[in-house]
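Those sequence lines, one after another, are chains X and L. Residue -17 is where the first sequence starts when you use my numbering, and the numbers rise one by one after that. Residue -17 is where the second sequence starts when you use my numbering, and the numbers rise one by one after that. We put the beta carbon where it would ideally sit given N, CA and C, even for glycine. Predicted, not measured: the structure shown is a model, and the values here were computed from it. As structure tokens, the structure follows; a few thoughts come after it.
2 protein chains.
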Amino acid sequence: MSASGGATRLKLLEGALRTLVEQGIAKTSARSIATTAGVNQALIFYHFGSVDELLAAACVHGAEQRVSRYRERLAALDSLTELLTFARAMHAEERAAGQVAVLGQLLAAGQTAPALAAATSAGLALWIEELEGVLTRLLAATPLAAFADPAGLARAAAASFVGIELYEGIDPEGAARALDSLEQLAVLAQALQGLGPLSQRAVTHRLRRRTRG
Amino acid sequence: MSASGGATRLKLLEGALRTLVEQGIAKTSARSIATTAGVNQALIFYHFGSVDELLAAACVHGAEQRVSRYRERLAALDSLTELLTFARAMHAEERAAGQVAVLGQLLAAGQTAPALAAATSAGLALWIEELEGVLTRLLAATPLAAFADPAGLARAAAASFVGIELYEGIDPEGAARALDSLEQLAVLAQALQGLGPLSQRAVTHRLRRRTRG
DNA sequence: GTCTATACATGGATAGAC
DNA sequence: GTCTATCCATGTATAGAC
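In structure tokens, the structure reads:
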């Protein structure tokens, strides 16, 4: 890959992401991407073979870029409460950058395009992996540790995150209200962590019994 | 609207939904819808003016159909635990019917098409409205009643539901794991409801303090 | 209300010159 | 590796006959 070739590839990857954000999957085409990227349309097929393959590569490229951005900050978190506060800040950043929107567009497209499905799954997996690590660490300090599945929760959270982001695109006020309500629920986690030993044991006991039932 | 005219309109509405499910928004066009519906392509423009207007009408039409299907069953629920169990059953039914997939496709398309955004918001609102009513009723019996916002939670749940459904389309195993983990969290609600009065009061007290902080 | 035919735009993809 | 030119499929939308 020559220097200029690498540059064009990169322009196309970034152009594909920007086009998905600005015009949506429905209007993302070889021509629209090429225009956004400022390169010749035929180069998409030279470098990536097809539009879908470019989108697939762009998805993973974008996810890598964004996830690495948060790695350090996630490692510094000390409680579920902090994680929830951080999630809202991250949401705002990702909304501005448009990366979650990209996942939403590709998630929709992937429903009926296997090649895109695989790439989107890989992109989302990068987020999930990161989140799973943090959840494993933070849940250990709560009564939830006994029965919660960090891997499952990380997947649920990531998918929900994308869903809420898509919702925000069509109803910003509703999405804000949704996020507020989740933040309020955070006090539940806080309360569980802050309970006196006796009450906490009662809760834990109760939780244990229920999981066996 | 004549009888046959109404019949064609209906064929187009149902055809639009089926096309969205089977081919995704990217391959949903006047021609593909007309083929699915078994009617002439030009009739889309006669009855709805444009493809997007047909999609908008179909979204609301589909949501009305599906939501009314659950109204009675939702009214019969007696606890948050039951609601969560029911949610999983509903998820399976909607996945089979493809209605949540439709919302996902239109949610993605709506990000950059204001007319579709409005219709999708209206369709989703039907689900939210129903859910909000149930949540308001069921949360009243828990310590969460003091600070939880049913309207916000209903919005968060609906959006998350769509997100997880989209995720299921690209990673069925991951989605199953996500849903399992949420079901396990349901024991938390169960535990809160089943706590003895003393412990429950401790939790409630704790929660109250946190919301004021 | 429905059909055929058609105009015209956009999109995927390739050939071949440079 | 990049550009121009082009082929052909698909898509939106309309006109006009029935």
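Chain L places a beta carbon closer than 8 Å to that of Lys9 (chain X), counting this residue as a contact.
Using a 10 angstroms sphere on the CB of Ala40 (chain X), the tally of other CB atoms reaches 16 or more, which defines it as buried. In terms of beta-carbon proximity, Val116 (chain L) stays away from the interface with chain X, with every pair separated by 8 Å or more. According to the DSSP assignment, Ser50 (chain X) belongs to the alpha helix (DSSP H) that extends over Val33 to Ala57.
Just measuring C-alpha positions, the residue of X:Gly31, X:Asp131, X:Leu37 and X:Leu113 sitting nearest Val3 (chain X) is X:Leu37. Taking His43 (chain L) as the centre and dropping the five residues before and after it, the same chain places the C-beta of Leu(-5) closer than 6 Å to its C-beta, in chain order. Neighbours of Asp131 (chain L) in chain X, taken as residues at a C-beta separation under 8 Å, are given in chain order as Arg159, Asp162, Ser163 and Gln166. The continuous alpha helix (DSSP H) containing Lys(-7) (chain L) extends over residues Ala(-15) to Gln5. Taking 8 Å as the cut-off, the beta carbon of Gly134 (chain X) is found closer than this to the beta carbon of Ser163 (chain L). Fewer than three pairs of CB atoms, one per stretch, sit closer than 8 Å, so the segment 103 to 115 of chain X makes no contact with the segment 92 to 104 of chain L. Against chain L, the beta carbon of Tyr28 (chain X) has no neighbour under 8 Å; the closest one sits roughly 23 Å away.
By the 16-neighbour rule on beta-carbons within 10 angstroms, Thr17 (chain X) is exposed. Distance from Glu76 (chain L) to Arg53 (chain L) at the Cβ level is roughly 14 Å; contact not present, criterion being Cβ atoms closer than 8 Å.
The Cβ of Ser103 (chain X) sits closer than 8 Å to at least one Cβ of chain L.
Taking 9 Å as the upper bound on Cβ-Cβ separation, chain L lies near residues Ala138, Ala139, Ala140, Ala141, Ser142, Phe143, Val144, Gly145, Ile146, Glu147, Leu148, Tyr149, Glu150, Gly151, Ile152 and Asp153 of the segment 138 to 155 of chain X. Assigned with DSSP and collapsed to three states, Ala130 (chain X) falls in coil, not helix or strand. The alpha-carbon separation between Gly156 (chain X) and Gly(-12) (chain X) amounts to approximately 42 Å. Taken in chain order, the complete alpha helix (DSSP H) segments of 4 residues or longer contained in the segment 62 to 97 of chain L are 62 to 79 and 81 to 92. In the three-state scheme derived from DSSP, where H, G and I count as helix and E and B as strand, Gly20 (chain L) is classed as coil. A Cβ-Cβ distance of about 7 Å is found for the pair Glu35 (chain X) and Ala97 (chain X), placing them in contact under the 8 Å criterion. Among the residues facing chain X, Leu89 (chain L) is included, as its CB has a counterpart in that chain under 8 Å away. In the structure shown, Ser11 (chain X) falls within a coil segment according to DSSP collapsed to helix, strand and coil. One finds Glu4, Gln5, Gly6, Ala8 and Lys9 in chain L with Cβ atoms closer than 8 Å to the Cβ of Thr94 (chain X), taken in chain order. Contact between Leu120 (chain L) and Ala130 (chain L) fails: their C-beta atoms lie close to 10 Å from each other, not under 8 Å. A direct Cα-to-Cα measurement between Gln81 (chain X) and Arg0 (chain X) gives close to 9 Å.
Short of 8 Å from the beta carbon of Ala160 (chain X), and not among the five residues preceding or following it, lie these beta carbons of its own chain, in chain order: Ile146 and Tyr149. Rounded to whole angstroms, the separation of the alpha carbons of His187 (chain L) and Ala19 (chain L) is 58 Å. Between Leu85 (chain X) and Val116 (chain L), the alpha-carbon positions lie close to 31 Å from each other.
If you ignore the 5 residues before and after Leu66 (chain X), its C-beta comes within less than 8 Å of the C-beta of Leu164, Glu165, Ala168 and Ala171, all in its own chain and listed in chain order. Per DSSP, reduced to three states, the secondary structure at Asp153 (chain L) is coil, with no helix or strand assignment. The beta carbon of Ala91 (chain X) sits closer than 7 Å to the beta carbons of Ile7 and Leu98 from its chain, once the five residues preceding and following it are set aside; these are given in chain order. The beta carbon of Leu59 (chain L) is closer than 8 Å to those of Leu65, Phe68, Val116 and Leu120 in its chain, skipping five residues each way along the sequence. Between the C-alpha atoms of Tyr28 (chain L) and Ala(-2) (chain L) there is a straight-line separation of about 15 Å.
Distance from Gly151 (chain X) to Gln93 (chain L) at the Cβ level is roughly 4 Å; contact confirmed, criterion being Cβ atoms closer than 8 Å.
Neighbours of Val42 (chain L) in chain X, taken as residues whose beta carbon is under 9 Å from its own, are absent, since the nearest beta carbon is some 13 Å off.
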